[in-house]
Amino acid sequence: LGEAPVRIGKAPKRALYYRIDGEPLGKKATKRHSVDGTFLRVEVLGQGQQSVIYGVHPDTNAPYHWVGDGLVDLPFDQLMPVTEEQIDTLLRELCDRLGQVFGEELIPGPQEIAAPSVLLPTKLPNEDPLIDALGYLDPQSYDLWVSVGYALRSSGRADADEIFQSWSAKRPDGTTPSNYQGPDDTLEKFNKFNPKNTSVASIFSKASRRGWRDTRLLQLTDLGNGERLVRDWGNEIVFCSDQKAWYAWSGKHWEMCDQKVKQYAKNTTRKISAEASGRPDLAGEIIKWQKTSESVARQSAMLETASSDPEISRPFDLFLKDWHLFNVQNGTFELNKQILREHRQSDHITKLANASLQDNAVCPRWIQFIDEITNEDAALALFLQKFCGYMLSGDRTEQIILFLVGEGANGKSVFLDVLKYVFGSYAGVISAKALVDRNASSIPSDIAALANKRFVMLSEFPEHAPINTATVKSITGGDEITARHLYKEWFEFKPQFQVVCALNNLPKLTWVDAAFFRRVRIIPFERIFKPEERNKALQAELKAEADGILKWIVEGYQRYHSEGLEPTSKMLAFLDEYMTNEDPVAQFVESYVYEASEKEFVPVQTMLGAIEAYCHRQGIETPAETQTRKRLRELLGATLQRRYGHHQNRTRGYAGYTIIEDRDDEECF
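The sequence shown: position 627 = 1591 (this note's numbering), numbered continuously.
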């Protein structure tokens, strides 16, 4: 476009000043593009728009400055002239270039119109602010058209169908959309829209980005300020009524982020004075209220009043809608359909992986690493791949807990650290206290951070601390958990997470039963890497293959979905050994105690002595007598009293059972 004066306000953003050669323009803009969560956008501001050239920037509180002399002494006719055609060409080229440099255009559930420019309405404001706002939205964009349809269906207005039909038939410049099929077709499709967790606030938010301003003067009160915040940011924020917490849309997912919403409140506050332009009779009061609203007390009041607004206040289950979605850097992966699509606000996803899903991604070092830590056991390597794939979904049908067992320098810490990186905010860590605490209901409050996570690592167990089997069954059984964040309210959620424990030795148990062992999966890490085999840069090398590892995990999900997640023969052998060590009473009864006639009788002391001898032969610790008696009662039923032995003394024991005899060579017959 040529040389132009440059004004810098909030760096690196800057404004360049030209004069239009031809009819006045309104506003045009490129789509928004995201780089590491920062949105990039180029706007052309024309007639009806404003640009501050001197003073202090409202966000940075730093003065505006000019590169060069600025505009004050520059005659208007010396500004570089540009035509509308030049501007349109520039915007189209910028759209192409931004896409090439920064990847796919960000279209978070439809947030921006598809055209490279925004068409401003040519009509005067309507008395109905909703209809007025719709005049700034272009139905030519199908995504935007659907989004508005959902919002109107959810509004409850009796005339919602008429409003949608009227809006669908005319673009902001008065022309008919090329995809408009007539009123009957429009109403038929509108009636098929299922109302979702969206509202007309999303319409106001979209319209405000395109230059719309609510001409109604909201009350100069705390309540009015809350309404202003919802008006300006209703499509970007949610207040979770269960948690008493704010969520903000990042462009890819919803983040619990009070600070971002507070920044939005500041932004809204600093725009209050602009309302004076439409009400000169109240200009003094409006400007005074804007200054008053900048106080900490008024800012808190704005957030408090907005938090109860039905347009943005939602229960936590809003974020628990679909367990079969997995959010990645370049979109959202639908596990059921095996397709990658754009991020959508309407999914209400709160997590984001660190990797992108790319068809051409590879991970040769990771595959080699898996072979190394499994000692080239192909069956074990496949189980690990399918298990990682199983964790992509929030469906915990398997109801299992995974123990990774082995002494140090075996790769299990590297394995978990790399997975944690790939899963991003879907991964979490929980203190071993959750499984060691004697009280099964005393799950710590920090478990609230595990809501919506898929992969959770348990920190190392304290030495000799027994695991609470009741808690294991609770967190793997899919029952709802009550938890809270620090200084927040209690809320309930159904676990989507899979617990993985890295251990040097298998944990002792508070009590054992078949239900616990059904949940246990053990993967042995038997290879010990020699000092000369260890690579200090290995984790960095593996994380560099994050995209390929994610693809490997997705392939694991596909294998899991078609083949299941059965443990390997080696895993079953380790589980049998664990059961023998942790439940020797059950193992003894299963191996040596047989049902017999009611005449047969085994005294309690005889049974206890036989179990003690069995444990001695197996080289395992004999349980305390009280635990042994309790376990025998569960397995064989209550004891009876009979006269027994040479002297026919009254003796308690088990009727209808017999113990096979053991030889001294430890072979049993």
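Ideal Cβ placement from N, Cα and C applies to all residues, glycine included.
Just so we're clear, the structure is a prediction, and the values are computed from it rather than from any experiment.
Are there three or more Cβ pairs, one per stretch, closer than 8 Å when the stretch 1188-1199 is compared with the stretch 1133-1148?
-> no
So which of ARG983, VAL1225, ASP1335 has the shortest CA-CA distance to GLU967?
-> ARG983
Taking the alpha-carbon positions, what's the ILE1445 to ASN1339 distance?
-> 38 Å
With DSSP run on the structure shown, which of helix, strand or coil describes TRP1218?
-> strand
Endpoints, beta strand (DSSP E) assigned at LEU1467 = 1462-1467
Have a look at PRO1567, SER1271, PHE1480, PRO1328 and flag the residue whose alpha-carbon is nearest the alpha-carbon of ALA1510.
-> PRO1328
In three-state DSSP terms, what is GLN1183?
-> coil
What number of angstroms, rounded off, separates the C-alpha of GLY1645 from the C-alpha of ALA1122?
-> With the chain covering only 965 through 1633, there is no way to say anything about residue 1645.
Where does GLU1049 land, buried or exposed, given buried means 16+ other C-beta within 10 angstroms?
-> exposed
Cβ neighbour criterion (16 or more within 10 Å) applied to ALA1504 = exposed
Relative to the C-alpha of GLY1215, which residue among ARG1308, PHE1280, GLU1546 is closest?
-> ARG1308
Return yes when the Cβ of LEU1514 is within less than 8 Å of the Cβ of VAL1634, no when it is not.
-> Residue 1634 lies beyond the range of the chain shown here (965 to 1633); nothing can be said about it.
Can you tell me which of ASP1196, ALA1415, HIS1217 puts its alpha carbon nearest to the alpha carbon of GLN1227?
-> ASP1196
Nearest CA to the CA of CYS1352: which residue from ALA1413, MET1421, THR1140, LEU1399?
-> MET1421
Between PHE1552 and the rest of its own chain, which residues show a CB-CB distance below 6 Å, the 5 nearest in sequence each way excluded?
-> ILE1575, TYR1578
So ILE1365 is in the alpha helix (DSSP H); what residue range does that whole segment cover?
-> Segment 1365-1369 is the beta strand (DSSP E) holding ILE1365; no alpha helix (DSSP H) there.
Where do the ends of the alpha helix (DSSP H) carrying ALA1396 lie?
-> Segment: none, ALA1396 is in no alpha helix (DSSP H) and carries neither H nor E.
Please confirm whether ARG978 and ALA993 have their CB atoms less than 8 Å apart.
-> no
Identify the continuous beta strand (DSSP E) that holds THR1296 and give its terminal residues.
-> 1295-1298
Residues bridged to TRP1454 [DSSP beta-bridge criterion] | ARG1448
Do the CB positions of THR1440 and ILE1365 come within less than 8 Å of each other?
-> yes
Using beta-carbon positions only, say whether ALA1447 and LYS1417 come within less than 8 Å of one another.
-> no
Hey, how far is the Cα of LEU1539 from the Cα of PHE1489?
-> 14 Å
Leaving out five residues on either side along the sequence, give the residues of the same chain with a beta carbon under 8 Å from the beta carbon of LYS1544.
-> This sequence places Thr at residue 1544; Lys is not what is there. Hits under 8 Å: GLN1551, GLN1582, ILE1584.
MET1543, DSSP secondary structure in three states | helix
For my contact list, ARG1707 and ASP1186 are in at a C-beta cut-off of 8 Å; report their separation, rounded to the angstrom.
-> Lying outside 965 to 1633, the shown extent of the chain, residue 1707 is not represented and no answer is given.
Provide the residue span of the beta strand (DSSP E) that contains TYR1621, from first to last.
-> 1621-1623
Using the Cα positions of LEU1289 and ARG1278, report the straight-line distance between them to the nearest angstrom.
-> 21 Å
Would a C-beta distance cut-off of 8 Å place ALA1466 and PHE1387 closer than the cut-off?
-> no
What separation, rounded to the nearest whole angstrom, lies between the Cα atoms of ILE1077 and ASN1143?
-> Model confidence at ILE1077 stands at a pLDDT of 31, short of 50, so the residue's coordinates are unreliable; what they give is reported in the following sentence. The straight-line gap from Cα to Cα measures roughly 14 Å.
Can you give the beta carbon distance from LEU1267 to VAL1225, rounded, assuming they're within the 8 Å contact cut?
-> 7 Å
Out of GLU1200, ALA1413, PRO1103, point me to the one whose CA is closest to ALA1453's CA.
-> Reading off the sequence shown, one finds Glu at residue 1453, where the question assumed Ala. Here the closest residue by C-alpha is ALA1413.
Note down the Cα distance separating ILE1255 from VAL1016, rounded to an integer number of angstroms.
-> The residue asked about is misnamed: residue 1255 is Lys in this sequence, not Ile. Each residue's alpha carbon lies about 19 Å from the other.
Can you tell me the Cβ-Cβ gap for SER1257 and THR1233, rounded? I've got them flagged as a contact below 8 Å.
-> 5 Å
DSSP on ALA1391, reduced to helix/strand/coil?
-> strand
Compare the Cα-Cα distances from GLU1598 to each of PHE1461, VAL1476, TRP1176, TYR1608 and report the closest residue.
-> VAL1476
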